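The working numbering puts the sequence shown at residues 1332 to 1794. Glycine included, every Cβ here is placed at the ideal spot set by N, Cα and C. Quick caveat, the model's predicted, so the values are computed rather than measured. Report on the structure given below.
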Amino acid sequence: MKAGKTHEWIIVLGDTAAWAWPLFASPAAPRRFAADAEGHAALLRCLGESHGEAHSRVLIDLACETLHEQHTPALRWHDRRALAQQCRRNQFAADALVGWRWRPGLADDTVLQLCGVPMQGSLPAWLHLLTHGAAPPVALYSASWLGEPLARTLGASHGPALLLQPGLASARLSWLQDGRVRHSRQVGPAGEDISQVLDFFASQPDYPAHGIPTLWQTGEDDSLVHHPALAGFQRQQAPLESGWPDWLSAQLSRQPGDYRWPPGTSRPQLGQCSPRSRRLTLAISLAAAVLGGGWFAWGEALNRQAAQLAEHTRALHASNQQLAASLGPAEVTQARRAALNSLLILRTRWPRLGDDLDALAEQLARRPALSVTALHWRADPARLSQGSGAHVQLELRADATLSARQALAELEQLLAACRQAGWNATLSHAPFDTRAEATLHSQSEEVVRFVVQLTLPARKAGQ
């Protein structure tokens, strides 16, 4: 390997061993290292083969990994963080590796899902070794949450589903709901724990009571595909294109870590990055500072404009108050009384105004060849008291593909339907002579346009 180049490693930590391979090795060839002194030394020698800067992405695949969920009302971001910290202290030890995700819930609530691994077994030794080794970890990943991108890859993102997830240490059985992992458990190298895991899933209160979830599998481990405990499930097998280690490399290289580092744990800092990365970080910081200054200046300009608009609004308000004072209380009261009386008469004489206009819209929708370009309507409350209806003027445009005779036929059908509904419908303008004995031809080659006058009858309620 060339000096000066940054190298990345994929490392999978199991209960009894670890596996490692270069990130961009194709095909991936995982090397196994036992969880003992010889395995630790062999892993250090393997990572030391990377000349120059190196770091690793670590997948934690342990049997003790657990998921917890808590429903909570919608919270602001700082309240969410405080609640997550409180739930972390309640569910896990202080030195445990814990990550959390906020999920959408039902109605207005949200779901806080925590995933954690206690610092026990071989995990503390592996993390200490990697943190102080030649390729310190930059991200820690959860094997349980890895089932969600795997489900999307296989197409199991809708409804309840069981996912048989392959693994270098041991296979994992997960229960998903609409692509979200609810619970996940390792099943042992030979699948000896599958029955207990299925019983645990069935004991959960929100496990589907009716119907059998579909079992999705990749076919990586043939010994588990035909396990007797899985015989009653409807199966969907979707093999991975490049195998499990290559899929892991592609997936972990493009997503951030899941676990937050426990308090007091050292982790890679900017000084461990390559000089090129440090220069890039410095350039991004300077660009962010310049951009922030520009946003601040723009904000100040907007504040000045807002102050000017507020002053203009206050001036208009004062002018309106002066105008109201000049009219006097009697004139204002009389104008408001006249407007209120007009509205009461309109409501009394024409209670079905909305229904009539909806019926007119329905008649127009039945004739798509005629489109409305303008609508003017007038309802005089004084004339409504004498039994007169509202007047509606429609400006219609015929479809450009219609001839003059076809456009006139469409219009006559609309007028006939309006008259049948009890409206007085007349044609007030047309671009050609519409008499029966006349020859139909438009006065210009433009689109045919008509103007129709409608008088809607005033009706009492219930008519």
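For residue i, the residue or residues it bridges with in DSSP
i	result
F1781	L1727
Y1472	L1390
C1446	L1398 and G1430
N1755	T1786
W1352	I1341
Q1496	R1503
H1707	Q1724
L1701	A1729
R1363	W1350
T1403	T1441
Spatial distance of residue i from residue j (CA atoms)
i	j	result
A1735	A1690	27 Å
T1347	A1540	37 Å
S1775	F1763	Only weak support exists for where S1775 lies, its pLDDT of 48 falling under 50; the value from the coordinates is given anyway. If you take the alpha carbons of S1775 and F1763, they lie about 9 Å apart.
W1350	F1627	50 Å
R1709	A1638	42 Å
L1633	L1647	21 Å
R1609	F1355	22 Å
A1569	L1561	17 Å
P1587	L1688	58 Å
R1513	Q1451	24 Å
A1487	D1509	8 Å
S1702	T1644	41 Å
T1299	T1403	Given that the chain is displayed from residue 1332 to residue 1794, the structure contains no residue 1299 and the question cannot be resolved.
Q1603	E1384	Residue placement at Q1603 is poorly supported in this model, since its pLDDT is 44, which falls under 50; the coordinates still yield a value, given next. The straight-line gap from Cα to Cα measures roughly 8 Å.
T1704	G1753	24 Å
V1429	N1421	12 Å
I1342	W1629	47 Å
G1370	G1625	55 Å
Q1535	E1400	12 Å
L1504	H1409	35 Å
E1642	N1651	14 Å
E1523	P1559	10 Å
R1412	C1418	10 Å
Q1567	A1394	25 Å
A1470	R1585	11 Å
Q1600	L1611	Note on Q1600: pLDDT 47, under 50, position unreliable in the model; the coordinate value appears next. Rounded to the nearest angstrom, the two C-alpha atoms are 15 Å apart.
Q1416	A1424	12 Å
A1656	Q1665	14 Å
W1431	P1449	15 Å
G1447	D1426	10 Å
G1563	H1557	11 Å
L1579	P1480	10 Å
L1622	L1640	27 Å
Q1653	H1707	35 Å
T1757	L1671	33 Å
A1373	L1458	15 Å
D1577	Y1538	33 Å
For residue i, the nearest candidate out of the options (CA to CA)
i	options	result
L1786	Q1751, A1761 and R1698	Reading off the sequence shown, one finds Thr at residue 1786, where the question assumed Leu. The option with the nearest alpha carbon to T1786 is Q1751.
H1463	E1479, H1386 and A1394	H1386
A1821	A1700, R1432, P1520 and L1529	Nothing can be reported for residue 1821, as the shown portion of the chain is limited to 1332 through 1794.
L1727	R1698, A1456 and V1429	R1698
W1592	S1453, L1706, P1468 and P1570	P1468
G1498	H1489, A1474 and L1374	A1474
T1545	R1503, A1533 and L1494	L1494
E1693	T1644, L1706, L1745 and L1671	L1745
D1440	F1423, A1405, F1531 and Q1565	A1405
L1507	N1755, L1398, W1340 and N1672	L1398
F1532	W1547, A1521 and R1516	R1516
L1571	S1505, G1625, A1482 and E1642	A1482
G1685	R1363, W1340, A1521 and A1721	A1721
R1511	R1434, S1759 and E1380	R1434
A1521	D1537, Q1527, A1502 and Y1538	A1502
N1755	Q1724, R1780, S1616 and A1729	Q1724
W1476	L1485, G1436, E1396 and A1500	E1396
Q1565	A1492, D1367, I1525 and E1631	A1492
L1695	L1675, E1743 and R1668	E1743
S1357	Y1590, L1458 and A1581	A1581
T1337	A1373, S1573, L1375 and S1381	S1381
Cβ-Cβ separation, residue j to residue i (assumed contact under 8 Å), whole Å
i	j	result
T1466	L1378	The identity of residue 1466 in the sequence shown is Ala, whereas the question assumes Thr. Sure, about 4 Å apart at Cβ, within 8 Å.
L1344	L1454	7 Å
W1352	A1360	6 Å
Y1472	R1388	7 Å
G1478	Q1496	5 Å
L1460	L1414	Incorrect: roughly 34 Å between the Cβ atoms, too far for contact.
L1390	L1583	7 Å
V1779	S1759	Not confirmed; about 15 Å, so no contact.
W1575	L1485	Not quite, the Cβ-Cβ distance comes to about 13 Å (not below 8 Å), so this is no contact.
Minimum Cβ-Cβ distance from residue i to chain D less than 8 Å
i	result
A1756	This model lacks chain D altogether, as it is built from one protein chain only.
Heavy atom of the ligand MG within 7 Å of residue i beta-carbon
i	result
L1725	Absent from the structure shown: the ligand MG. Ligands present: none.
| field | In chain order, each beta strand (DSSP E) run of at least 3 residues that lies wholly inside the stretch 1508 to 1576 | value | 1511 to 1517, 1545 to 1548 and 1566 to 1568
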